[in-house]
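*Asks:*
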Amino acid sequence: MNSDDLTFDTGLLAPIWAGSPAEAATGDLAFLRAMLDAEVALARAQAAEGLISAGAVKDVTTAADALAREGTRTLALLARSGGNPVIPLVKALTKHAPEVHLGATSQDIMDTAFMLVAARTRAVVTADLDRTAVALARLAAAHRDTPMAGRTLTQHAVPTTFGLKAAGWRELVLDARDRLNAVVLPVQLGGAAGTMAAFEALVPRVDERRLLAGFAAQLGLAEPRLPWHTLRTPVADLAAALAFVTGALGKMAADVLVLSRTEIAEVAEGTGGGSSALPHKRNPVGATLIAASARSAPALAAVLFGSLAAEDERPSGAWHAEWSPLRDLLRHAGGSAAHAAVLAEGLRVDAGRMRANLDLTGGLIVAERLTAVLTPAIGRREARHLMERASLRVAADGISLRQAVLRETGPGDLDLTDLDELCDPATYLGSAAALTDQALTRRPAGDHDA
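Using my numbering, you'd call the opening residue of the sequence shown number 12 and step up by one each time.
(1) Who does Ala-233 pair with in a DSSP beta bridge?
(2) Which whole-angstrom value describes the C-beta separation of Leu-140 and Ala-208, a residue pair presumed to lie in contact below a C-beta threshold of 8 Å?
(3) Specify, as a first and last residue, the run of the alpha helix (DSSP H) that Ala-168 falls within.
(4) Short of 7 Å in beta carbon distance, which residues of its chain neighbour Ala-247, apart from the five on each side in sequence? Order them along the chain.
(5) If you draw a straight line from the C-alpha of Leu-300 to the C-alpha of Ala-146, how long is it?
(6) Helix, strand or coil, according to DSSP, for Gly-161 in the structure here?
(7) Does the segment 104-114 come into contact with the segment 73-81, if we say contact requires no fewer than three beta-carbon pairs (one atom in each stretch) closer than 8 Å?
(8) Here's the rule I'm using: 16 or more other beta-carbon atoms within 10 Å means buried, otherwise exposed. How should Phe-255 be labelled?
(9) Tell me whether Ala-279 sits in a helix, a strand or coil according to DSSP, three-state version.
(10) Are the beta-carbon atoms of Leu-427 and Leu-417 separated by less than 9 Å?
(11) Please work out which residues of its chain come closer than 8 Å, Cβ to Cβ, to Ala-302, disregarding the five sequence neighbours upstream and downstream, and give them in chain order.
(12) According to DSSP, simplified to helix, strand and coil, what is Asn-294?
(13) Count the other C-beta atoms from every protein chain shown that fall within 10 angstroms of the C-beta of Pro-387, then say buried if there are 16 or more, exposed otherwise.
(14) Report all residues from its chain with a CB closer than 8 Å to the CB of Leu-289; omit the five preceding and five following residues, and keep chain order.
(15) Using a threshold of 8 Å, is the CB atom of Arg-181 nearer than that to any non-hydrogen atom of the ligand ATP?
(16) Where do the ends of the alpha helix (DSSP H) carrying Thr-137 lie?
(17) Using 10 angstroms around the beta-carbon of Ser-327, count the other beta-carbons present and answer buried if the total reaches 16, otherwise exposed.
(18) Please report the straight-line C-alpha distance between Arg-293 and Glu-277, rounded to a whole angstrom.
(19) Could you compute how far the alpha carbon of Val-97 sits from the alpha carbon of Arg-306?
(20) Alpha carbon to alpha carbon, how far is Ala-168 from Gln-449?
(21) Tell me which residues share the same chain as Asn-368 and place their Cβ nearer than 6 Å to its Cβ, disregarding the 5 neighbours each side in the sequence.
(22) Would you tell me roughly how many angstroms separate the C-alpha atoms of Thr-137 and Thr-257, rounded to the nearest one?
(23) Run through DSSP, which three-state label would Val-360 get?
(24) Measuring CA to CA, which of Gly-231, Val-184, Leu-43, Pro-238 is closest to Arg-454?
(25) State yes or no: is the C-beta of Thr-273 within less than 9 Å of the C-beta of Val-128?
(26) Secondary structure at Leu-185, three-state DSSP: helix, strand or coil?
(27) How long is the line joining the alpha carbons of Gln-57 and Val-217, rounded to whole angstroms?
Below you can see the structure in the form of structure tokens.
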């Protein structure tokens with residue numbers, strides 16, 4: 012075992028994101044690169060406004076490239092004395108680029124780096140959400156007319172189709188994608204207390220708005236209306252969108268977990284996982300990990316919403332509390348999206364088992380339909396009572412609903428010439444096919460620029 016094994020988090024306890032694109036996009040090296048990119052972008056924007064020279068920009072760029080190759084461990088340890096990693100980062104850069112970080116504060120760089128990491132992670136999350144949506148569209152179209160039991164409060168309710176279920180999953184995935192891409196990710200640039208005063212001290216009558224616009228343009232991020240050191244709308248919006256991503260994917264996972272139970276067995280993951288003790292098991296591991304993330308994310312988002320209550324112009328603690336949960340949220344959303352794409356692309360659907368499960372209750376799943384059909388002839392109240400008695404007969408005598416209805420009504424009491432069709436769950440699907448078709452007309456909303 013080497014020293015790296017003792018100090019570095021390799022994702023051993025986080026199979027949801029270990030090895031995912033989001034892992035690389037949110038690692039310590041990614042944050043180091045983002046902080047350095049922010050410093051270089053600020054230098055370029057300042058040079059454009061005459062605050063520093065072109066030579067100074069070159070010095071900052073060269074120093075940043077060199078520091079990027081040194082790794083993060085030393086910075087992490089040095090960050091303990093000042094409370095954030097920007098302080099030792101700037102100290103290291105200043106040795107070779109004395110005009111780096113002029114007028115900025117640590118939070119300017121750290122917040123900007125977080126938004127940059129979020130933007131880069133959002134791109135990989137969106138790609139996996141797109142894959143998931145495409146796979147679910149295929150499933151919905153292929154099973155547009157595949158009947159299955161609709162379940163409410165764990166029990167059979169009325170028939171539905173697997174196509175409509177898959178279309179519903181896709182709807183949530185697209186909702187998640189659109190919400191995530193609608194989040195505005197701005198740069199941060201306010202100086203020590205959000206007044207940008209130091210920039211004017213460097214160059215009187217400097218155009219701060221133009222400086223800010225140039226900084227944002229360099230990084231492909233949005234230009235904020237105000238410094239947001241303690242106005243944490245961007246972080247709260249991002250937290251909400253990321254938590255929604257995990258929850259939306261969690262709905263699909265929750266359904267897969269139920270439908271893949273041994274006694275239901277209507278779906279199965281394409282690559283089920285094994286068990287350390289039971290050689291016969293093929294566990295729905297992908298759905299399990301997604302479901303776990305969906306349960307973890309709300310608590311992480313809650314920390315970020317709590318940080319909205321930040322005191323003064325720059326806070327002590329509220330800002331610092333954001334870092335770990337925000338990174339974890341990015342990782343959970345990214346890992347969940349990656350697993351969801353694999354899950355949707357490989358999901359196996361057993362239409363025969365769905366039909367067999369529809370028949371488990373002997374036709375009780377269409378009791379609502381028969382009640383509605385009988386109502387015009389005998390009234391709503393009597394129709395309900397008749398169906399309640401028939402349902403009890405099904406359970407007590409082990410007969411079908413069709414047989415029970417015939418026994419309850421007696422020969423010639425009612426016109427039941429269509430009873431066979433009325434008792435067939437596959438003919439009581441309502442508008443499921445049309446709803447599926449309508450859902451599949453939806454396309455993802457256009458991407459937000461930043």
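Even glycine gets a Cβ: it sits at the ideal position worked out from N, Cα and C. Note that the coordinates shown come from a computational prediction; the quantities given were computed from them, not determined experimentally.
*Replies:* In this structure, then:
(1) Residue pairing by DSSP puts Ala-233 in a beta bridge opposite Pro-197.
(2) Not confirmed; about 42 Å, so no contact.
(3) Where Ala-168 is concerned, there is no enclosing alpha helix (DSSP H), although the beta strand (DSSP E) it sits in stretches over 166-172.
(4) Leu-315, Phe-316, Leu-319
(5) One C-alpha to the other measures close to 19 Å.
(6) strand
(7) yes
(8) buried
(9) strand
(10) yes
(11) Cβ neighbours of Ala-302 beyond the five flanking positions: Gly-261, Ala-264, Ala-265, Leu-268.
(12) strand
(13) exposed
(14) Since pLDDT at Leu-289 reaches only 47, below the 50 mark, its modelled position is unreliable, and the value read off the structure follows with that caveat. Excluding residues within five positions, none has a Cβ falling inside 8 Å.
(15) For the ligand ATP, the structure offers nothing, since it holds no ligand at all.
(16) Counting along the chain, Thr-137 sits inside the alpha helix (DSSP H) bounded by residues 117-153.
(17) Per the 10 Å Cβ criterion, exposed.
(18) Distance between Arg-293 and Glu-277, taken at the CA atoms: about 14 Å.
(19) Cα-Cα distance, rounded: 32 Å.
(20) Near 23 Å, if we compare the C-alpha coordinates of Gln-449 and Ala-168.
(21) Ala-160
(22) 13 Å
(23) strand
(24) Val-184
(25) The Cβ-Cβ distance between Thr-273 and Val-128 does not fall below 9 Å.
(26) helix
(27) Computed Cα separation, rounded: 10 Å.
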